[in-house]
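Heads up: take any position in the sequence shown, counting from 1, add 269, and you land on the working numbering.
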Amino acid sequence: MSETGAGSTEPVLDVEDIHVYYGAIHALKGVSLRVGASEIVTLIGANGAGKSTTLRAINGLNHPRQGAIRFEGRDITTATPHSIVQGGIAQSPEGRRLFPRMSVTENLEMGAFQRTDREHFKEDMDRVFELFPRLHERRHQKAGTMSGGEQQMCAIGRALMAKPKLLLLDEPSMGLAPIFVEKIFEIVREINAGGTPVLLVEQNALMALDTAHRAYVMETGRIALQGPAAELKTNERVQKAYLGLE
Ligand code: ATP
270 MSETGAGSTE PVLDVEDIHV YYGAIHALKG VSLRVGASEI VTLIGANGAG KSTTLRAING
330 LNHPRQGAIR FEGRDITTAT PHSIVQGGIA QSPEGRRLFP RMSVTENLEM GAFQRTDREH
390 FKEDMDRVFE LFPRLHERRH QKAGTMSGGE QQMCAIGRAL MAKPKLLLLD EPSMGLAPIF
450 VEKIFEIVRE INAGGTPVLL VEQNALMALD TAHRAYVMET GRIALQGPAA ELKTNERVQK
510 AYLGLE
């Protein structure tokens, strides 16, 4: 099996044996993962396994004490969150963190504020509205008054406005009604088909494995299993622990 996705040689993101601590708590104990240029990669695992901490390390919010993180071949292990965003990694965070009193359009504009190529702004906004017609209908509405699913769409749309070279998604299905969950994952596939690699952290292991090309399973700060998503879906240990199948 090739480590990266179809057609790609060098990974876009290469996390190599990172160790991350919260004070004395050793949260990540040598995590390695890769995202190829054309891939959706998912990171699944139980509460507290270290998924969010891995994203925080990639975002520059929690620097590893050991190991390395490379993005497009550059070492970003100790880079600042600001320079990481500017370098092309955008995240739609767990909990969404929209500006509730601002309209949908204003929230989307905020996603693009660090960009220098403002001339493509309009077409990117149109692209987000194409992906999420619901956001177009609600473009003048205050973000805080929308449903959870709509806010999640707005948060993903905002991350896309940064024109990322890698999109990180932290629990995009959390708290959503099943109909929105389906929609969100459909859109993740569309975003990826448009050329953006995605690293998807999810509690909803079944949807994540159905959506991703490859997957990593985390257990207590380590990668316990990895492989093509379709293969992991049939893995007995994954079925028992994460898919609720006996
Ligand atoms: P969840 O899905 O619940 O967010 P997770 O897989 O993302 O779980 P993390 O949030 O990354 O897991 O947590 C990994 C470990 O680090 C856990 O043991 C957690 O208790 C610990 N941890 C996370 N954040 C902190 C913090 N701010 N201070 C101390 N320990 C933390």
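Note that the Cβ used here is the ideal one computed from N, Cα and C, for glycine as well.
DSSP state of residue i, grouped into three classes?
i: residue 446; result: coil
i: residue 301; result: strand
i: residue 489; result: coil
i: residue 498; result: helix
i: residue 513; result: coil
i: residue 466; result: coil
i: residue 482; result: coil
i: residue 285; result: strand
i: residue 314; result: strand
i: residue 378; result: helix
i: residue 405; result: helix
Comparing C-alpha positions only, which one of the options sits nearest to residue i?
i: residue 379; options: 403, 412, 401; result: 412
i: residue 383; options: 367, 431, 348; result: 431
i: residue 425; options: 358, 472, 489, 488; result: 358
i: residue 490; options: 324, 308, 310; result: 324
i: residue 394; options: 461, 407, 427; result: 427
i: residue 332; options: 391, 295, 366, 503; result: 295
i: residue 303; options: 437, 316, 462, 390; result: 437
i: residue 439; options: 349, 339, 322; result: 322
i: residue 311; options: 480, 293, 292; result: 480
i: residue 484; options: 289, 313, 293; result: 313
i: residue 351; options: 502, 327, 315, 377; result: 327
i: residue 297; options: 370, 386, 318; result: 318
i: residue 423; options: 456, 443, 389, 377; result: 377
i: residue 316; options: 505, 508, 471, 388; result: 471
Might you give, ordered along the chain, the residues of its own chain that have their beta carbon closer than 8 Å to the beta carbon of residue i, omitting 5 neighbours on each side?
i: residue 410; result: 372, 373
i: residue 286; result: 299, 300, 301, 335, 336, 337
i: residue 386; result: 432
Going by beta carbon distance, what residues of the same chain come within less than 7 Å of residue i, once the five residues before and after it are set aside?
i: residue 398; result: 404, 405
i: residue 512; result: 474, 475
i: residue 276; result: Residue placement at residue 276 is poorly supported in this model, since its pLDDT is 45, which falls under 50; the coordinates still yield a value, given next. Within the same chain, residue 276 has close Cβ partners 307.
Pull up the distance between the alpha-carbon of residue i and that of residue j, whole angstroms please.
i: residue 360; j: residue 467; result: 10 Å
i: residue 450; j: residue 498; result: 18 Å
i: residue 510; j: residue 400; result: 34 Å
i: residue 495; j: residue 340; result: 20 Å
i: residue 329; j: residue 356; result: 12 Å
i: residue 465; j: residue 291; result: 31 Å
i: residue 419; j: residue 461; result: 20 Å
i: residue 502; j: residue 349; result: 36 Å
i: residue 435; j: residue 309; result: 10 Å
i: residue 487; j: residue 493; result: 5 Å
i: residue 280; j: residue 320; result: 20 Å
i: residue 521; j: residue 390; result: Limits of the chain in this structure are 270 at one end and 515 at the other, which puts residue 521 out of reach.
i: residue 269; j: residue 343; result: Residue 269 falls outside the range modelled here, since the chain spans only 270 to 515, and no answer is possible.
i: residue 415; j: residue 368; result: 12 Å
Excluding the 5 residues preceding and the 5 following residue i in the sequence, name in chain order all residues of the same chain whose CB lies nearer than 6 Å to its CB.
i: residue 429; result: 397
i: residue 347; result: 332
i: residue 274; result: Confidence is the limiting factor: at residue 274 the pLDDT is only 45, short of 50, which leaves the residue's position unreliable and the question unanswerable from this model.
For this session: Could I get the ranges of all uninterrupted beta strand (DSSP E) runs contained in the segment 411-457, with 3 residues as the minimum, in chain order?
Result: 435-439
Exercise. Where in the segment 316-373 do unbroken runs of the beta strand (DSSP E), each at least 3 residues long, occur, reported from the N-terminal end onward?
Worked result: 335-340, 358-361
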